[in-house]
Amino acid sequence: MKIKMAVQTLFMLTCFTVIASATNLRSEIKLRPDTTTTPDFSLIDSDGNNISISSLRGKVVFINFWATWCQPCVQEMPSINELKASFKDNDEVVFLTIDVDADLPKSKAYMDSKHFTLPVYAATTAIPRVFYYHSIPTSTILAKNGDMVWHVEGGKDYTSPEIRKILTDHIAGR
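With mature numbering (1 follows the signal peptide of the UniProt record, and there is no 0) applied, the sequence shown corresponds to residues -20 to -1, 1 to 154, in that order.
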C-alpha cells in the first residue's frame, strides 16, 4: 500500500513539474520569413487617423497589444519605448501599440504621463487571431512584405539585442 501511494505521489509530482515548467515558458515563436502571410485589419490612432496593416507593407512593423490595467504590459512599456527610440531616425520601421480596450484617451494619457513617444491605436475591425487572441501583452513583428516573422505572448524586455537584431535584419532585407 505504501509503495502504491509513493508511486502515485511521485507520478503526481512529475505531472505537476511538467505542467509548471510548461506554464512558465513564454510563448515565443520565431518564424521564417514567408511563413505566415498575415491577414489585414484596420486601426485608428489617438488623432483620429485611420490605417490598415496592409498599408504598412514596405516597412518593418512592430505591433504590441496591451492595456493600461495590465501589469505585465505596463512593466514592458518602457523597454518598448526605448526600442522605438533606438530606431527614431529610421523611417523603415513602424511601432504600433494597440490598446485592446480601445480607450484611446486613457491610453494616450498614460503614454503622455510617462513621457513615452509611442503612438496609441485601437482596432476598428476585428483583429485576426494570428495577431492576438485575448492574451496580453502580445507582440508581433512583420517583415516588409507583410509576413509575420516573430510573435510572443507575455511580457518581454525589448532592450534585448535579440529584438534589435530581428528588426535590423528585416530592415536590411535579411
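Backbone N, C-alpha and C fix where the C-beta goes; we use that ideal spot for every residue, glycine too.
Source: prediction; values computed, not measured.
Of the residues assessed, Pro99 falls on the buried side of the cut-off, its CB having 16 or more other CB atoms within 10 angstroms. According to the DSSP secondary-structure assignment, Ser119 is paired through a beta bridge with Asn44 and Val132. Judged by DSSP secondary structure, Leu23 falls within the beta strand (DSSP E) whose first and last residues are Ser22 to Asp25.
Secondary structure note for Thr77: its beta strand (DSSP E) is the uninterrupted segment Val73 to Asp79.
If you look at Tyr101, you'll find it isn't in any alpha helix (DSSP H); it sits in the beta strand (DSSP E) that goes Val100 to Ala103. For Leu84, same chain residues with a beta-carbon under 7 angstroms away, outside a window of 5 residues either side, are Ser26, Val100 and Ala102 in chain order.
The residue from Thr139, Gly135 and Phe111 with its alpha-carbon nearest to that of Asp127 is Phe111.
Taking a 10 Å sphere around the C-beta of Asp79, we find 16 or more other C-beta atoms and assign the residue as buried. Where Ser93 is concerned, the enclosing alpha helix (DSSP H) starts and stops at Leu84 to Ser93. Within 10 angstroms of the beta-carbon of Trp46 lie 16 or more other beta-carbons, which makes it buried. Between the region 35 to 52 and the region 70 to 77 there are three or more C-beta pairs closer than 8 angstroms, enough to call the two in contact. Ile107 carries a coil assignment under DSSP once its states are collapsed to helix, strand and coil. One alpha carbon belongs to Cys50, the other to Pro117, and they sit about 8 angstroms apart. A residue is called buried once 16 or more other Cβ atoms fall within 10 Å of its Cβ, and Glu62, having fewer, is exposed. Here the C-alpha atom of Leu36 lies approximately 12 angstroms from the C-alpha atom of Ile121. In terms of CA proximity to Asp81, Leu23 leads the group Lys145, Leu23 and Thr18. Secondary structure at Asp149: helix, using DSSP grouped into helix, strand and coil.
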